[in-house]
Amino acid sequence: MSRSAADQPAIYPYTDFTPVKAKKKRKNRVLKDSPTILLQKTRVQLAEDMDMWLPQCQMIIDTSLKHLPFASPRILCLGLGSPTTSQNARVQLAFLLEISDRLQIDRANITLYDPVFTAEDRSLLGDLRLPLLPENRNGHYRMEAPTICFMPHCDMGLYENVLQANWTADQLSKLLLIANRLADYTESNPTQKLESRVPRLLRLAPLLACHPFPVSTSWPTAFNNTSVQYISPEIFAKQCFSDLLKLPGPSEQSR
Numbered sequence: 049m050s051r052s053a054a055d056q057p058a059i060y061p062y063t064d065f066t067p068v069k070a071k072k073k074r075k076n077r078v079l080k081d082s083p084t085i086l087l088q089k090t091r092v093q094l095a096e097d098m099d100m101w102l103p104q105c106q107m108i109i110d111t112s113l114k115h116l117p118f119a120s121p122r123i124l125c126l127g128l129g130s131p132t133t134s135q136n137a138r139v140q141l142a143f144l145l146e147i148s149d150r151l152q153i154d155r156a157n158i159t160l161y162d163p164v165f166t167a168e169d170r171s172l173l174g175d176l177r178l179p180l181l182p183e184n185r186n187g188h189y190r191m192e193a194p195t196i197c198f199m200p201h202c203d204m205g206l207y208e209n210v211l212q213a214n215w216t217a218d219q220l221s222k223l224l225l226i227a228n229r230l231a232d233y234t235e236s237n238p239t240q241k242l243e244s245r246v247p248r249l250l251r252l253a254p255l256l257a258c259h260p261f262p263v264s265t266s267w268p269t270a271f272n273n274t275s276v277q278y279i280s281p282e283i284f285a286k287q288c289f290s291d292l293l294k295l296p297g298p299s300e301q302s303r
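FYI, in my numbering the residues of the sequence shown are 49 to 303.
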């Protein structure tokens with residue numbers, strides 16, 4: 049008996065088959081954020097830090113400025129490091145921008161210098177409209193106007209050079225330091241070494257009003273030992289301060 053069409057086995061047409069080689073898996077390429085984006089993210093992290101570290105530091109700066117005749121200070125930043133290659137330098141730059149915005153300091157009145165700045169660093173700072181000093185004076189910069197000197201984690205010799213360049217009562221009265229606690233250098237080095245290398249720092253450190261920043265749990269190494277330091281008006285009125293200034297003032301190099 050013949051089968052009906054429904055009972056016939058299905059016949060599928062086949063063509064020549066060429067096996068496809070498996071493609072090699074490509075590694076996922078992670079696109080790096082630009083220095084500008086990284087800095088923006090760091091500023092957001094600073095502002096949103098759960099420890100409220102930034103507002104505490106801003107309050108310390110605000111309170112310190114009330115003790116000084118600072119109407120509209122400038123900012124001089126030395127020894128920042130490379131913000132495009134160093135996370136610590138990046139968050140320090142973010143901090144600098146945050147406090148300058150809070151104090152309404154125009155970017156044109158913020159100057160920076162560090163010999164380690166790369167071309168990429170200079171490009172980033174240029175995009176931020178932050179002026180760079182044209183030459184390396186090794187800290188011999190005179191403060192012609194009230195100035196916040198932001199010098200995170202610098203060598204004590206650089207602090208000494210800044211003091212030497214401004215070694216008059218008038219110029220020192222215009223200076224507010226955000227820097228390593230200077231007294232730590234005098235407490236951890238032999239007096240003979242300090243006398244020969246940093247005589248002004250040695251004499252001035254014990255007289256400074258010093259307000260340390262709180263410990264930052266998010267950036268412990270970027271701001272450890274950082275303090276706001278200045279000479280209070282009460283110290284200026286004392287005879288010991290007049291005696292202190294008998295050391296040689298600004299050298300010809302710093303003029």
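The C-beta atom is built at its ideal place from N, Cα and C for all residues, glycine as well.
Item to check | Presumed contact (8 Å Cβ cut-off) between F118 and A217, rounded CB distance | outcome: For the purposes of this step, residue 118 is taken as the residue at position 70 of the sequence shown. For the purposes of this step, residue 217 is taken as the residue at position 169 of the sequence shown. Between A217 and F118 the Cβ distance is about 16 Å, and since that is not below 8 Å, they are no contact.
Checklist entry - Which residues in the same chain have their Cβ closer than 7 Å to the Cβ of M204, if we skip the five residues on either side of it in sequence? => result On the sequence shown, position 156 is the one that residue 204 refers to. Excluding positions up to five away in sequence, the list reads Y233, V246 and L249.
Checklist entry - With a CB to CB cut of under 6 Å and the five nearest residues on each side skipped, what residues in its chain are close to R177? => result Here residue 177 corresponds to residue number 129 of the sequence shown, with the count starting at 1. Taken in chain order, the residues that qualify are R155.
Checklist entry - Could you give the distance in angstroms between the alpha-carbon of P121 and the alpha-carbon of D81? => result Taking the first residue of the sequence shown as 1, we reach residue 121 at position 73. Taking the first residue of the sequence shown as 1, we reach residue 81 at position 33. Roughly 33 Å between the two C-alpha positions.
Checklist entry - Cβ of L292 versus every heavy atom of the ligand SAH: is any distance shorter than 7 Å? => result Of the ligands one can find in the structure shown there are none, so the ligand SAH has no counterpart to examine.
Item to check | Residue burial classification, Q240 (beta-carbon count within 10 angstroms, cutoff 16) | outcome: To locate residue 240, count along the sequence shown from 1; it is residue 192. Burial call: exposed.
Checklist entry - Using the beta-carbon count (16 or more within 10 Å), is A137 buried or exposed? => result To locate residue 137, count along the sequence shown from 1; it is residue 89. Flag for A137 reads buried.
Item to check | Rounded Cβ spacing between G127 and M199 (contact assumed at less than 8 Å) | outcome: Position 79 of the sequence shown, counted from the start, is the residue given in the question as residue 127. Position 151 of the sequence shown, counted from the start, is the residue given in the question as residue 199. Confirmed, Cβ separation roughly 5 Å.
Checklist entry - Helix or strand or just coil, what does DSSP make of L206? => result In the sequence shown, counting from the first residue as 1, residue 206 sits at position 158. Helix, per DSSP.
Checklist entry - Are C197 and L224 touching if we call contact CB-CB under 8 Å? => result Translated into positions along the sequence shown, residue 197 becomes position 149. Translated into positions along the sequence shown, residue 224 becomes position 176. Contact flag set, yes.
Next on the checklist: Going by DSSP in three states, Y189 sits in which element: helix, strand or coil?
Outcome noted: Looking up residue 189 in the sequence shown gives position 141. Looking at Y189 - three-state DSSP - the assignment turns out to be coil, as it is neither helix nor strand.
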